[in-house]
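Here the protein sequences come in this chain order: A and B. Read in order, the letters of the first sequence correspond to residues 0 to 452 in numbering that gives the first Met the number 0. Read in order, the letters of the second sequence correspond to residues 0 to 124 in numbering that gives the first Met the number 0. From the three backbone atoms N, C-alpha and C, an ideal C-beta is built for every residue, glycine too. Below: the structure, in structure tokens.
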Amino acid sequence: MSATSGSGATEDALKIVEDATCTFCGCVCDDIELHVQKHTIVQAKRACVLGTAWFLNHEVEDVPSCRIEGRPASVEEGIERAAEILYEARYPLIYGLSDTTCESQRVAVSIADWIGANLDTTTSVCHGPSGMAFQGVGEVTCSLGEVRNRADLIIFWGSNPAESHPRHFTRYSLMPTGMFVPGGRKERTCVVIDVRKTKSARAADLFIPIRPRKDFEALWTLRALAADIEVDAEQVERETGQPLAIWQDLMDRMKAARFGVIFFGMGLTMTRGKHANSEALLALTRDMNRHTRFVCKPNRGHGNVTGADNVVSWRTGFPFGVNLGRGYPRFNPGEYTASDVLANREADAAMIIASDPMANFSEPARRHLQSIPYVALDPKETPTTRAATVAFTVATYGINVAGTAYRMDDVPIPLRPAFESPHPSDYEILRGIEKRVQQWYAAGRRPGGDGHR
Amino acid sequence: MSEETFILIPGRTSDQGCGISEGKYARRYSDAITAVQMNAQDMERLGLSEGQPVRIRSEHGSVVLPLQAARADELPQGLLFMAYGEYSSRLMGGETHGSGMPTSKGIDVTIEAAEADEVDTGRIA
């Protein structure tokens with residue numbers, strides 16, 4: 000998959016990696032051509048603005064691979080200390096996982112199982128509410144390839160792919176010519192529904208601005224119209240900010256479509272209503288199949304957050320927010336999700352993998368994380384690695400590390416690294432911790448000091 | 000000016016996304032997460048100008064950040080927008096209402112003019 004050009008096979012020769020995979024966002028574009036000079040990617044052909052920044056800014060960091068309490072330490076010492084922190088804890092939390100390989104995710108779940116940890120991924124603070132809604136309603140869905148080849152009505156609801164997934168339009172949804180949409184963009188209608196006129200709205204044929212925190216009301220209005228139920232026009236306009244005629248026009252377009260798709264974002268899941276908003280959207284999609292073919296998909300943010308959902312589901316039966324403290328998995332968002340476990344001051348130790356809760360969590364959650372011993376793995380320095388008891392600087396997945404990542408439509412994609420890193424991978428660190436934990440377990444030492452929780 | 004009520008919408012931006020790759024202690028990221036956008040008509044009504052520091056206060060915390068006029072028709076009146084990051088997180092509460100997800104968008108806030116030496120810009124923990 001890689002070719003080397005230039006005079007002679009010296010270390011400085013330009014290396015070209017074809018079909019490299021970008022793991023910055025959930026699009027996981029696997030058609031990137033990387034030009035690599037020694038330990039630097041100098042060009043990333045076909046990458047978007049986010050992908051280019053991702054590839055060109057992951058050089059080898061000239062920092063220690065491990066720090067314990069801020070002081071440089073060997074990786075072996077770091078693994079020993081990390082294992083000790085996790086094994087001795089009575090309520091350890093393992094969190095993050097959306098920017099690492101499926102292979103590493105699998106090991107992290109094993110560690111959680113050995114030590115009886117609370118296991119959660121960044122899904123809980125992006126599409127976790129949608130994950131809850133999938134269980135309640137189900138998901139009528141398809142691959143992005145089907146969207147590309149079939150969709151003639153594309154709706155983005157509470158999602159701004161022009162900034163969050165810049166190649167979404169050109170590679171998967173709006174612009175491509177497809178088997179059943181040979182005319183490409185001119186045969187597709189694009190609708191954006193949002194509280195502000197985003198960059199994505201500028202690419203749409205129709206933009207419907209709605210009142211903030213009124214997605215639920217708008218979605219149920221559409222459900223009523225799909226079922227030809229009469230609704231109160233005055234109330235619809237008062238609640239949603241748009242006249243009933245606008246919603247009726249949208250419903251007419253939805254019923255007339257040959258293949259419709261709704262991509263939805265965190266405009267639904269992070270705002271009041273949360274899983275109820277996602278449930279309403281999934282139910283609307285299901286309803287539409289009485290009239291035509293309609294599917295929906297959450298636009299997933301991190302490169303392998305979909306892999307995290309898949310791996311945690313294979314291993315525990317649940318996608319996120321899983322507690323293994325009793326030796327079997329229990330799922331309860333709001334109780335076993337990281338934001339809650341930290342803000343409620345329950346966890347007494349943590350391991351954060353490829354995530355930055357010290358920047359992204361609420362103040363009470365951050366305050367508690369800072370007060371307990373925790374381990375952090377990240378290729379870059381972040382507020383989370385700075386405050387960690389044990390911080391590992393790791394190789395970057397997809398750039399230095401091979402493995403598997405899942406695209407947002409649950410399609411697994413292989414990673415083709417560009418160059419080696421002197422830093423260990425997440426996988427190596429996690430396997431080291433797992434081996435130590437297994438040794439202690441086999442020797443009769445029980446996690447949590449005085450027995451399994 | 001007296002305190003005014005707004006709804007804050009934190010979200011992704013290209014600069015914030017690129018900034019994550021460049022590094023959270025690099026300029027691009029800290030610039031991206033430390034500006035708050037407001038509709039130009041709201042700014043005029045409140046007598047606020049580009050770059051004016053404003054204190055944004057929610058039920059859970061407060062930050063002082065410089066104001067930026069939103070592009071022509073991007074943001075309706077009554078709404079504020081800022082990129083996700085440490086400063087938007089300070090305005091979130093820990094309650095997840097049984098979902099695991101704190102309310103991170105559509106946050107009720109008040110704003111008032113602040114002084115330049117109160118600005119939080121660039122001081123990431």
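Would you list, in sequence order, the uninterrupted alpha helix (DSSP H) runs of no fewer than 4 residues that lie entirely inside the region 218-269 of chain A? The region 218-269 of chain A contains, as complete alpha helix (DSSP H) runs of 4+ residues, the segments 232-239, 243-255, 265-268 (chain order).
Using the Cα positions of A/MET265 and A/SER158, report the straight-line distance between them to the nearest angstrom. Here residue 265 of chain A corresponds to residue number 266 of the first sequence, with the count starting at 1. Here residue 158 of chain A corresponds to residue number 159 of the first sequence, with the count starting at 1. Straight-line Cα distance between these residues: approximately 7 Å.
Hey, how far is the Cα of A/HIS444 from the Cα of A/PRO372? Position 445 of the first sequence, counting from 1, holds the residue named residue 444 of chain A. Position 373 of the first sequence, counting from 1, holds the residue named residue 372 of chain A. The residue you asked about is not His; residue 444 of chain A is Arg in the sequence shown. Taking the straight line from one Cα to the other gives about 20 Å.
Which residue's Cα is closest to the Cα of A/TYR492: A/ARG415, A/PRO328, A/LEU85, A/CYS101? Beyond the ends of chain A as shown, which are 0 and 452, falls residue 492 of chain A; an answer cannot be given.
Spell out whether any CB of chain B is found under 8 Å from the CB atom of A/GLY25. Stepping through the first sequence from its first residue, residue 25 of chain A is reached at position 26. For A/GLY25, not one C-beta of chain B is nearer than 8 Å to its own C-beta.
Quick one: give me the first and last residue of the beta strand (DSSP E) that A/TYR453 is part of. Outside the displayed range of chain A (0 to 452) lies residue 453 of chain A, so it cannot be described from this structure.
Just the chain B side, please: which residues come within less than 7 Å of A/VAL194 by C-beta, in chain order? Residue mapping note: residue 194 of chain A aligns to position 195 of the first sequence, counting from 1. By Cβ distance, chain B contributes ILE8, LEU78.
For A/ASN322, the three-state DSSP class (helix, strand or coil): As a working note, residue 322 of chain A is residue 323 in the first sequence. If DSSP states are grouped into helix, strand and coil, A/ASN322 belongs with the strands.
Contacting residues, own chain, Cβ-Cβ under 7 Å from A/ASP29 (five flanking each side not counted): Mapped onto the first sequence, residue 29 of chain A falls at position 30. Within the same chain, and ignoring the five residues on either side of A/ASP29 in sequence, the residues whose Cβ sits closer than 7 Å to its Cβ are ASP18, THR20, ILE412.
Let me make sure I understand the geometry here. Which of A/ARG66, A/GLU60, A/LEU85 has the alpha-carbon closest to that of A/GLU433? In the first sequence, the residue the question calls residue 433 of chain A occupies position 434. If we check each option's Cα against that of A/GLU433, A/LEU85 comes out closest.
What residues from chain E crowd round A/SER123, counting only those whose CB sits closer than 8 Å? The structure shown contains no chain E; the protein chains it does contain are A and B.
Straight-line CA distance for A/ALA337 to A/MET178? For the purposes of this step, residue 337 of chain A is taken as residue 338 along the first sequence, with counting starting at 1. For the purposes of this step, residue 178 of chain A is taken as residue 179 along the first sequence, with counting starting at 1. The straight-line gap from Cα to Cα measures roughly 43 Å.
I'd like to know whether the C-beta atoms of A/ARG430 and A/ALA82 end up nearer to each other than 8 Å. Along the first sequence, one-based indexing puts residue 430 of chain A at 431. Along the first sequence, one-based indexing puts residue 82 of chain A at 83. Annotated as distal: A/ARG430 and A/ALA82, with beta-carbon spacing of 8 Å or more.
Partners in chain B for A/TRP53, counting only beta-carbon separations shorter than 8 Å: Within the first sequence, the letter at position 54 stands for residue 53 of chain A. The contacting residues are SER20.
Please confirm whether B/MET0 has its beta-carbon closer than 8 Å to some beta-carbon of chain A. On the second sequence, position 1 is the one that residue 0 of chain B refers to. At a cut-off of 8 Å between C-beta atoms, B/MET0 does not count as an interface residue with respect to chain A.
Give me the Cα-Cα distance between B/GLU114 and A/PHE258, rounded to the nearest whole angstrom. By 1-based counting over the second sequence, the position of residue 114 of chain B is 115. By 1-based counting over the first sequence, the position of residue 258 of chain A is 259. So the alpha carbons of these two residues sit roughly 54 Å apart.
So, are the CB atoms of A/THR239 and A/ALA217 less than 8 Å apart? Reading the first sequence from its first residue, position 240 is the one you call residue 239 of chain A. Reading the first sequence from its first residue, position 218 is the one you call residue 217 of chain A. Pairing A/THR239 with A/ALA217 gives a Cβ-Cβ distance under 8 Å.
Let's test the definition: count the other Cβ atoms within 10 Å of the Cβ of A/GLN104 and tell me whether it reaches 16, buried, or not, exposed. Within the first sequence, numbered from 1, the residue matching residue 104 of chain A stands at position 105. A/GLN104 is classed as buried because its beta carbon has at least 16 other beta carbons within 10 Å across all chains shown.
Three-state class that DSSP yields for A/GLU17 in the structure shown: For the purposes of this step, residue 17 of chain A is taken as residue 18 along the first sequence, with counting starting at 1. Residue state, collapsed to three classes: strand.
Given this structure, state the Cα-to-Cα distance separating A/SER64 from A/ILE78, to the nearest angstrom. Sequence index remark: in the first sequence, residue 64 of chain A carries index 65 (1-based). Sequence index remark: in the first sequence, residue 78 of chain A carries index 79 (1-based). Taking the straight line joining both Cα atoms gives about 11 Å.
Helix, strand or coil at A/MET357 according to DSSP, with G and I counted as helix: For the purposes of this step, residue 357 of chain A is taken as the residue at position 358 of the first sequence. Under the three-state reduction of DSSP, A/MET357 is assigned to helix.
Environment of B/GLN15 [buried if 16+ CB atoms lie within 10 Å]: Residue mapping note: residue 15 of chain B aligns to position 16 of the second sequence, counting from 1. Taking all protein chains in view, the Cβ of B/GLN15 is crowded by 16 or more other Cβ atoms within 10 Å, so the residue is classified as buried.
DSSP on B/CYS17, reduced to helix/strand/coil? In the second sequence, residue 17 of chain B corresponds to position 18, counting from 1. In the displayed model, B/CYS17 falls within a helix according to three-state DSSP.
Same chain only: Cβ atoms within 6 Å of A/LYS44, ignoring 5 sequence neighbours per side: As a position in the first sequence, residue 44 of chain A is number 45, starting the count at 1. So the list reads GLU32, once near-sequence residues are dropped.
Mind listing which residues of the region 23-55 of chain B have their C-beta closer than 7 Å to chain A's C-betas, in chain order? So the list reads LYS23, TYR24, given in the order they occur along the chain.
Beta carbon proximity, B/ASP72 to chain A, threshold 8 Å: Residue numbering aside, residue 72 of chain B sits at position 73 when the second sequence is read from its first letter. Proximity of B/ASP72 to chain A, defined by a Cβ-Cβ separation below 8 Å, is satisfied.
What ranges does the alpha helix (DSSP H) occupy inside the region 136-218 of chain A, keeping only unbroken runs of at least 4 residues that lie completely in it? Every alpha helix (DSSP H) stretch that sits fully inside the region 136-218 of chain A and reaches 4 residues is listed by chain position as 143-149, 160-163, 198-201.
Please identify, using Cβ separations under 8 Å, the residues of the region 241-268 of chain A that lie next to chain B, in order along the chain. Per Cβ criterion, the list reads MET265, GLY266, THR268.
Could you tell me the boundaries of the alpha helix (DSSP H) in which A/VAL74 lies? Indexing the first sequence from 1 puts residue 74 of chain A at position 75. Going by DSSP, A/VAL74 is part of the alpha helix (DSSP H) stretching over 74-87.
The ligand FMN heavy atoms versus the CB of A/THR403: any closer than 7 Å? Questions concerning the ligand FMN fall outside what the structure shown contains, since it holds no ligand whatsoever.
Cβ-Cβ distance between A/HIS274 and B/SER103 below 8 Å: Reading the first sequence from its first residue, position 275 is the one you call residue 274 of chain A. Reading the second sequence from its first residue, position 104 is the one you call residue 103 of chain B. No, the pair does not count as a contact, with Cβ atoms beyond the cut-off.
Taking A/SER172 as the query, report the chain B residues whose CB atoms sit under 8 Å from its CB, ordered along the chain. Along the first sequence, one-based indexing puts residue 172 of chain A at 173. Within 8 Å Cβ-Cβ: nothing; A/SER172 doesn't reach chain B, min ~17 Å.
Going along chain B in order, which residues have a C-beta closer than 8 Å to the C-beta of A/GLU138? The residue labelled residue 138 of chain A in the question sits at position 139 within the first sequence. The contacting residues do not exist; A/GLU138 stays about 18 Å from chain B at best.
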